[in-house]
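Chemist:
Protein chains in written order, with the numbering used here: chain A, 1 to 86; chain B, 87 to 594.
Laid out in structure tokens, this is it:
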């Protein structure tokens, strides 16, 4: 069997990696914050996964509404989309 | 308004198909429409109608390649006209306007640019919008119109500074073929042009192209196996998992440049340690771990003790299936931008445990619990491709990349350390590749329920929330958090088609 490496050497390596991880995490957080800012948002609470899908749009009685939406002029559709996606 | 030239291969196509495309061009709502149609004989006048000029237009900024019979949507032109200056090629989603029993159309929702997947099959499809200068650099208009879509898309993407996916419908097609085509000859020529040393194998049944990269050298691979030496029933016999993992790896793998680092919890039985030492001989090291369970920390310690140029993180409840799995994964590192390679994992009964991850937005094992012969939507399971993350139960990475990003984050002791690691690796400019050509068993419990800790969700989201919300290798139209403005009425069905029942990732 191979003998394990020297414990001090391993501890120093792990410490170096922890620092690199923290730096990578900080870069990620900054990128995400900039991304949110570019959309006019800010993080006001901890991140959460989105909840259960909101499926009301697929209800049968919504079909005419969906039809009208799909056939709106392009610019109007995009403007609505952007506004509602906020 | 940007100028568009439309280009169609009209050879051997029915006049009706060309007339349908011409009608869609007339309906695009701007005055100038120039259409380059490659034909064997002159087009009948009734096909063109008014307001379309036949021929080339070298002054056009964009070329829209459209198949005969397909319709172009305004979205395609809208997004091209507003594209960033370095975006040279754009593609979008496709609506198949076919008469199904339920009268609902079907969709092809595409991921962001995925060059490895493009080598496997033409997931980009028939409609692509490219800058004229890119078209010229890729061989010229005539050459690109006359070739098939796979060849054309490979050539265009080679010369594009940036390829952009727009998750909007770019074309409507009457085609009933939902499977991406694959042209092995085009892929072989592409590999020669970009300098990838590989052979090409074609599976006409799927269809898909396997790019089998040549393994130029055989570096040392350190296999890191965290364990507690636990026993469980496997194929009717109760035995320690870790012994099965090590024994099968040493017996079956055709790659034996291996170093085995076993990170063993203090309670690991002495007979298990002794058997591991016997199996591994002087290639095996046992590192004692006497702290609270932390999957990330155990792997980091194992890697810190190892010396291989590459590192295979391997759970102690796994078993190699394909003998050349390590060579297959290792060969992918010939591309300097590859940072992680993950195989397909199966449960003991042969159902899929993980075919890579998607974020929807909670990280999810793709095609979990689906039968082994599942092809997935558009053959997704069958092709080698980029992924946002792969499961750390079996993951190959290079020591250089592992050290560059600081290994696994020990703040995720059980869940999502692999997600965080994969995203760090991509942030550092490397790619994550999923390959179905390397496979392992992962004897994780099929009924295991993920222990979700909200604080961990918060930590993961603090770093990567925007990517979790919009996985680049998924499609926002298929996200689980659908609503009217990010989806369409058919999304729920498409999601099922794409993924089937899925389950959140449990801890390792």
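All C-beta atoms in this analysis are idealised placements derived from N, C-alpha and C, irrespective of residue type, glycine included.
Every value quoted in this text rests on a predicted model; they were computed, and no experiment measured them.
Hey, quick one: how far does the alpha helix (DSSP H) through residue 545 (chain B) stretch, first residue to last?
Modeler: Along the second chain, read from residue 1 onward, the residue named residue 545 (chain B) stands at position 459. First-last of the alpha helix (DSSP H) with residue 545 (chain B): 540-555.
Chemist: Can you name the residues of chain B whose CB is closer than 7 Å to the CB of residue 35 (chain A)?
Modeler: In the first chain, residue 35 (chain A) corresponds to position 35, counting from 1. The answer, in chain order, is 552.
Chemist: Who are residue 444 (chain B)'s beta bridge partners in DSSP?
Modeler: Working through the second chain from its first residue, we reach residue 444 (chain B) at position 358. DSSP output for residue 444 (chain B) lists B:450 as bridge partner(s).
Chemist: Counting only the same chain and skipping the five closest in sequence on each side, list residues whose C-beta sits under 7 Å from that of residue 101 (chain B).
Modeler: Position 15 of the second chain, counting from 1, holds the residue named residue 101 (chain B). 130 and 133.
Chemist: Taking the alpha carbon of residue 450 (chain B) as the reference point, which residue from B:361, B:560 and B:217 has its own alpha carbon closest?
Modeler: As a first step, residue 450 (chain B) is located in the second chain; it is residue number 364 there, counting from the start. That would be B:560, whose Cα lies nearest to the Cα of residue 450 (chain B).
Chemist: Start and end of the beta strand (DSSP E) containing residue 350 (chain B)?
Modeler: Walking along the second chain from the start, residue 350 (chain B) turns up at place 264. Element bounds for residue 350 (chain B): 344-351.
Chemist: When the Cα atoms are used, what is the spatial distance from residue 238 (chain B) to residue 199 (chain B)?
Modeler: Looking up residue 238 (chain B) in the second chain gives position 152. Looking up residue 199 (chain B) in the second chain gives position 113. Going by the C-alpha atoms only, they are around 15 Å apart.
Chemist: Tell me which residues of the region 468-499 of chain B have at least one Cβ-Cβ distance to chain A shorter than 9 Å, keeping chain order.
Modeler: The residues in question are 488, 489, 490, 491, 492, 493, 494, 495, 496 and 497.
Chemist: For residue 70 (chain A), is the classification buried or exposed, using 16 other Cβ atoms within 10 angstroms of its Cβ as the cut-off for buried?
Modeler: On the first chain, position 70 is the one that residue 70 (chain A) refers to. Exposed, since its Cβ has fewer than 16 Cβ neighbours within 10 Å.
Chemist: CA-CA distance, residue 378 (chain B) and residue 64 (chain A)?
Modeler: Mapped onto the second chain, residue 378 (chain B) falls at position 292. Mapped onto the first chain, residue 64 (chain A) falls at position 64. If I take the Cα positions, the gap works out to 58 Å.
Chemist: Could you tell me whether the region 396-405 of chain B touches the region 328-341 of chain B, where touching means 3 or more Cβ pairs closer than 8 Å?
Modeler: Yes, the region 396-405 of chain B is in contact with the region 328-341 of chain B.
Chemist: Out of B:455, B:173, B:126 and B:354, which has the shortest C-alpha to C-alpha gap to residue 317 (chain B)?
Modeler: Counting from one through the second chain, the residue named residue 317 (chain B) turns up at place 231. Cα-wise, what sits closest to residue 317 (chain B) is B:354.
Chemist: Against chain B, with Cβ distances strictly below 8 Å, would residue 60 (chain A) count as a contact?
Modeler: Taking the first residue of the first chain as 1, we reach residue 60 (chain A) at position 60. Cβ-Cβ to chain B under 8 Å: no for residue 60 (chain A).
Chemist: Taking only runs that begin and end inside the region 91-126 of chain B, name each unbroken alpha helix (DSSP H) of 4 or more residues, in chain order.
Modeler: Whole alpha helix (DSSP H) segments, 4+ residues: 101-112.
Chemist: Please list the terminal residues of the continuous alpha helix (DSSP H) segment that includes residue 386 (chain B).
Modeler: As a working note, residue 386 (chain B) is residue 300 in the second chain. Here the alpha helix (DSSP H) through residue 386 (chain B) covers 381-391.
Chemist: Report the partner residues of residue 481 (chain B) according to the DSSP bridge assignment.
Modeler: Walking along the second chain from the start, residue 481 (chain B) turns up at place 395. B:399.
Chemist: Which residues mark the beginning and the end of the alpha helix (DSSP H) in which residue 59 (chain A) is found?
Modeler: By 1-based counting over the first chain, the position of residue 59 (chain A) is 59. Here residue 59 (chain A) belongs to no alpha helix (DSSP H), and DSSP marks it neither H nor E.
Chemist: Do residue 158 (chain B) and residue 140 (chain B) have their C-beta atoms closer together than 8 Å?
Modeler: Along the second chain, read from residue 1 onward, the residue named residue 158 (chain B) stands at position 72. Along the second chain, read from residue 1 onward, the residue named residue 140 (chain B) stands at position 54. Not a contact, by the Cβ cut-off of 8 Å.
Chemist: Residue 17 (chain A) by DSSP, collapsed to three states: which one?
Modeler: What you label residue 17 (chain A) is simply residue 17 of the first chain in a count that begins at 1. Residue state, collapsed to three classes: helix.
Chemist: Count the other C-beta atoms from every protein chain shown that fall within 10 angstroms of the C-beta of residue 15 (chain A), then say buried if there are 16 or more, exposed otherwise.
Modeler: As a working mapping, residue 15 (chain A) is identified with position 15 in the first chain. Exposed, since its Cβ has fewer than 16 Cβ neighbours within 10 Å.
Chemist: List the whole-angstrom C-beta distance separating residue 305 (chain B) from residue 375 (chain B), where the pair is believed to meet the contact cut-off of C-beta under 8 Å.
Modeler: Here the question's residue 305 (chain B) lines up with position 219 in the second chain. Here the question's residue 375 (chain B) lines up with position 289 in the second chain. With 8 Å as the limit, residue 305 (chain B) and residue 375 (chain B) do not qualify as a contact, their Cβ atoms being about 27 Å apart.
Chemist: Please classify residue 281 (chain B): is it buried, with 16 or more other beta-carbons within 10 angstroms of its beta-carbon, or exposed?
Modeler: Position 195 of the second chain, counted from the first residue, corresponds to residue 281 (chain B). Residue 281 (chain B) is exposed by the Cβ-count criterion.
Chemist: Measure the Cβ-Cβ separation of residue 218 (chain B) and residue 146 (chain B) and say whether it is below 8 Å.
Modeler: As a working mapping, residue 218 (chain B) is identified with position 132 in the second chain. As a working mapping, residue 146 (chain B) is identified with position 60 in the second chain. In contact: residue 218 (chain B) and residue 146 (chain B) (Cβ atoms closer than 8 Å).
Chemist: Check each residue of the region 446-465 of chain B: if its Cβ is closer than 7 Å to any Cβ of chain A, include it; give the result in chain order.
Modeler: Going along the region 446-465 of chain B in chain order, one finds 447 and 448 with a Cβ nearer than 7 Å to chain A.
Chemist: Alpha helix (DSSP H) containing residue 334 (chain B): first to last residue?
Modeler: Against the second chain, residue 334 (chain B) aligns to sequence position 248. Note, residue 334 (chain B): alpha helix (DSSP H), 327-338.
Chemist: Since residue 164 (chain B) meets chain A, which of its residues come closer than 7 Å, beta carbon to beta carbon?
Modeler: The residue labelled residue 164 (chain B) in the question sits at position 78 within the second chain. Here the neighbours are 74.
Chemist: Going by DSSP in three states, residue 367 (chain B) sits in which element: helix, strand or coil?
Modeler: Indexing the second chain from 1 puts residue 367 (chain B) at position 281. Of the three classes helix, strand and coil, the one that applies to residue 367 (chain B) here is helix, per DSSP.
Chemist: Taking 8 Å as the CB-CB cut-off, is residue 25 (chain A) touching chain B?
Modeler: Numbered from its first residue, the first chain carries residue 25 (chain A) at position 25. It does; some Cβ of chain B falls within 8 Å.
Chemist: Name the chain A residues that come within less than 9 Å of residue 95 (chain B), Cβ to Cβ?
Modeler: By 1-based counting over the second chain, the position of residue 95 (chain B) is 9. Simply none; closest approach about 28 Å.
Chemist: Using a Cβ-based criterion (distance less than 7 Å to any ligand heavy atom), does residue 69 (chain A) qualify as near the ligand GDP?
Modeler: Summarising the ligand content, the structure contains no ligands, and the ligand GDP is consequently not present.
Chemist: Between which two residues does the beta strand (DSSP E) carrying residue 320 (chain B) extend?
Modeler: Position 234 of the second chain, counted from the first residue, corresponds to residue 320 (chain B). Per DSSP, residue 320 (chain B) belongs to the beta strand (DSSP E) from 317-320.
Chemist: Since residue 148 (chain B) and residue 166 (chain B) should fall inside the 8 Å C-beta cutoff, what is the C-beta to C-beta distance between them, to a whole number of angstroms?
Modeler: Taking the second chain and counting its residues from 1, the one referred to as residue 148 (chain B) is at position 62. Taking the second chain and counting its residues from 1, the one referred to as residue 166 (chain B) is at position 80. With 8 Å as the limit, residue 148 (chain B) and residue 166 (chain B) qualify as a contact, their Cβ atoms being about 5 Å apart.
Chemist: Run through DSSP, which three-state label would residue 528 (chain B) get?
Modeler: Translated into positions along the second chain, residue 528 (chain B) becomes position 442. Note: residue 528 (chain B) maps to strand in three-state DSSP.
Chemist: Any C-beta of chain A within less than 9 Å: which residues of the region 373-388 of chain B qualify?
Modeler: Within the region 373-388 of chain B, the qualifying residues are 373, 374, 383, 386 and 387.
Chemist: Could I get the ranges of all uninterrupted beta strand (DSSP E) runs contained in the region 265-289 of chain B, with 3 residues as the minimum, in chain order?
Modeler: Runs found: 284-289.
Chemist: Following the continuous beta strand (DSSP E) through residue 306 (chain B), name the residue where it begins and the one where it ends.
Modeler: Taking the second chain and counting its residues from 1, one reaches residue 306 (chain B) at position 220. Per DSSP, residue 306 (chain B) belongs to no beta strand (DSSP E) and is neither H nor E.
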